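Protein chains in written order, with full-length UniProt numbering: chain A, 1 to 134; chain B, 1 to 110; chain C, 1 to 336.
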């Protein structure tokens, strides 16, 4: 059975740290290795930072999941920001990193095992990711 | 390679002072400054090339672009104080006959 | 055992041996194993992790502060790992683009292929080398039904793909003109209209078009803002500029072009070029037109094709074999 998700509201930089902490605690509890813990925390960091920088206000949901005898952690980033007009552009390597120094969404995709993004202009963005714990 | 571009407005006119080398790397900076200025209706733009010691064909392309924009917007562009090496590009390409350009003034006042 | 496990135990072994005796051999081993890591796309955080594992197995009583510090190091490596993966991806993408361009360059070569006319009155040498893979210079020979030879040399501003695409347009426009229109000035006038309608406002093309009449030995020519060529007089052994006024193509749709003529005598040589020849830089220094002429002078006694190739080699050498602009040179020698 999946646990009920916990979430963190993101509207100040400090919230990014709280989201990382929550993700790390949960991944530790699930028995993720040190490297995976670090990857999950970094992915959460990127997602939360995106909300903080571009949407001002949003949530990071973190939950433990179990599917077909596999355990993992699901991270969902949801915001009511301006939305992303061209998703394939932001998913392109070298696009987001050229300006800032973040790993960008392609980085999050690499850090996680499953990645799904939906966005509507003027409404917001939902990014749904899963990391399976080996 | 360095370029510096200074824009200043002098009663109804815009004077752009350019210095350095205009080549494939610096031409985009010139384009960014100059095109919006000449695209204003009836604008009067003077580009001072006194301190431009080299310009390649990419730079010339930017000026051609500006010249074409003046025809659409009924504005005017004048390029002054061209050094010999740069002036030569205008004469070879025949642009000295269609564009308003002046070579560098010798011995002070013309 | 999978390769990662083999590498892990090998790493542990090397580490142990180094900690015990600081020998160079284990460092050499470390260098070798790093290469397999890179080959197998092992990320930096995984290597740090490997190190932590090996260390805790070898020395279970390590200081807790030290263990924490290693975990701290691992965290800092995550972003490096991502940057590395991105770099790998972009490198692959670049090589893919490169191969696409090389295919395009072949298409362009086929498209712009031109045959040098063989006539008794004229010996023709030509060389055209792109700075990058695709050529923004264009040259073309046409042999008319009346026996005249048309020679076009053109330079699109800029280089690379945009210039090359533009060149293809010129080629098709030229092919579409009826033969009776093949006078230098009317060719340029027609071409100018095509170019003016079809290019980006910051793009322009320069062209020199010449027509040689073997019967009279006369060369008719017009220039659309093209770098002036040179005429070598066989009697005086001197060079002079082939001056011709005319606006570059693509500025005004109603430009007209003046037609000039030259009487060629036996041994006279006409040199047509693009500004990749006269505007090239040797190191940080520009090569002036006069210096370019000095180089041409050194080889002018050779048969045209050989001269063109030698002159190119000379310029290539001057620029440290790294051409900055497309380079095209045509040499015509009046034989009889």
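Glycine included, each C-beta is placed from N, C-alpha and C at the ideal position. On a predicted model such as this, the values are computed, not experimentally measured, just so you know.
{"Query": "Integer-rounded CB distance, given that residue 77/B should sit under 8 Å from residue 49/B", "Result": "Contact doesn't hold; Cβ gap of about 12 Å is too wide."}
{"Query": "Cβ neighbour criterion (16 or more within 10 Å) applied to residue 338/C", "Result": "With chain C covering only 1 through 336, there is no way to say anything about residue 338/C."}
{"Query": "Proximity below 8 Å, CB of residue 112/A to CB of residue 84/A", "Result": "no"}
{"Query": "Secondary structure, alpha helix (DSSP H): runs of 4+ residues fully inside the segment 73 to 132 of chain C", "Result": "none"}
{"Query": "Spatial neighbours of residue 155/C in its chain, beta-carbon cut-off 8 Å, leaving aside the 5 residues before and after", "Result": "136, 137, 138, 205, 206, 207, 226, 227, 274, 275, 276, 326 and 328"}
{"Query": "Cα-Cα separation between residue 31/C and residue 12/C, rounded to whole angstroms", "Result": "14 Å"}
{"Query": "Beta-bridge partners of residue 72/A, as assigned by DSSP", "Result": "65/A and 132/A"}
{"Query": "Chain-ordered chain E contacts of residue 33/B [CB-CB under 7 Å]", "Result": "The structure shown contains no chain E; the protein chains it does contain are A, B and C."}
{"Query": "Selection from 41/C, 29/C, 332/C and 101/C that minimises the alpha carbon distance to residue 214/C", "Result": "332/C"}
{"Query": "Between the CA atoms of residue 193/C and residue 157/C - distance to the nearest angstrom", "Result": "17 Å"}
{"Query": "Within chain B, the residues that residue 229/C reaches when beta carbons sit closer than 8 Å", "Result": "Within 8 Å Cβ-Cβ: nothing; residue 229/C doesn't reach chain B, min ~12 Å."}
{"Query": "Contact under 8 Å by Cβ, residue 46/C with residue 38/A", "Result": "no"}
{"Query": "Cutoff 8 Å: residue 283/C Cβ touching any chain B Cβ", "Result": "Per-residue confidence for residue 283/C stands at a pLDDT of 46, beneath the threshold of 50, marking its modelled position as unreliable; the derived number appears in the next sentence. By this cut-off, residue 283/C is not an interface position."}
{"Query": "Option nearest residue 261/C by Cα separation, candidates 106/C, 91/C, 183/C and 122/C", "Result": "183/C"}
{"Query": "Residue nearest to residue 151/C in terms of C-alpha spacing, selected from 210/C, 166/C, 116/C and 200/C", "Result": "210/C"}
{"Query": "Contact set for residue 98/A: own chain, Cβ-Cβ below 6 Å, skip 5 residues either direction", "Result": "Below a pLDDT of 50, predicted positions are generally treated as unreliable, and residue 98/A, at 45, falls in that range; the measurement from the model is reported next regardless. So the list is empty, once near-sequence residues are dropped."}
{"Query": "Distance CB(residue 111/C)-CB(residue 195/C) smaller than 8 Å", "Result": "no"}
{"Query": "Nearest-angstrom beta carbon gap, residue 330/C and residue 126/C [assumed within contact, 8 Å]", "Result": "5 Å"}
{"Query": "Spatial neighbours of residue 130/C in its chain, beta-carbon cut-off 6 Å, leaving aside the 5 residues before and after", "Result": "326"}
{"Query": "C-beta atoms of residue 69/C and residue 62/B nearer than 8 Å", "Result": "no"}
{"Query": "Given residue 143/C as reference, the closest of 162/C, 167/C, 118/C and 18/C once Cα atoms are compared", "Result": "118/C"}
{"Query": "Same chain, Cβ closer than 6 Å to residue 126/A, five either side skipped, listed in chain order", "Result": "78 and 118"}
{"Query": "Neighbour-count burial assignment, residue 26/B, 16 or more Cβ in a 10 Å radius", "Result": "buried"}
{"Query": "Min CB distance residue 70/C to chain B below 8 Å", "Result": "no"}
{"Query": "Residue-level contact to chain A via CB, residue 337/C, 8 Å cutoff", "Result": "The structure shown has nothing for residue 337/C, since chain C only spans 1 to 336."}
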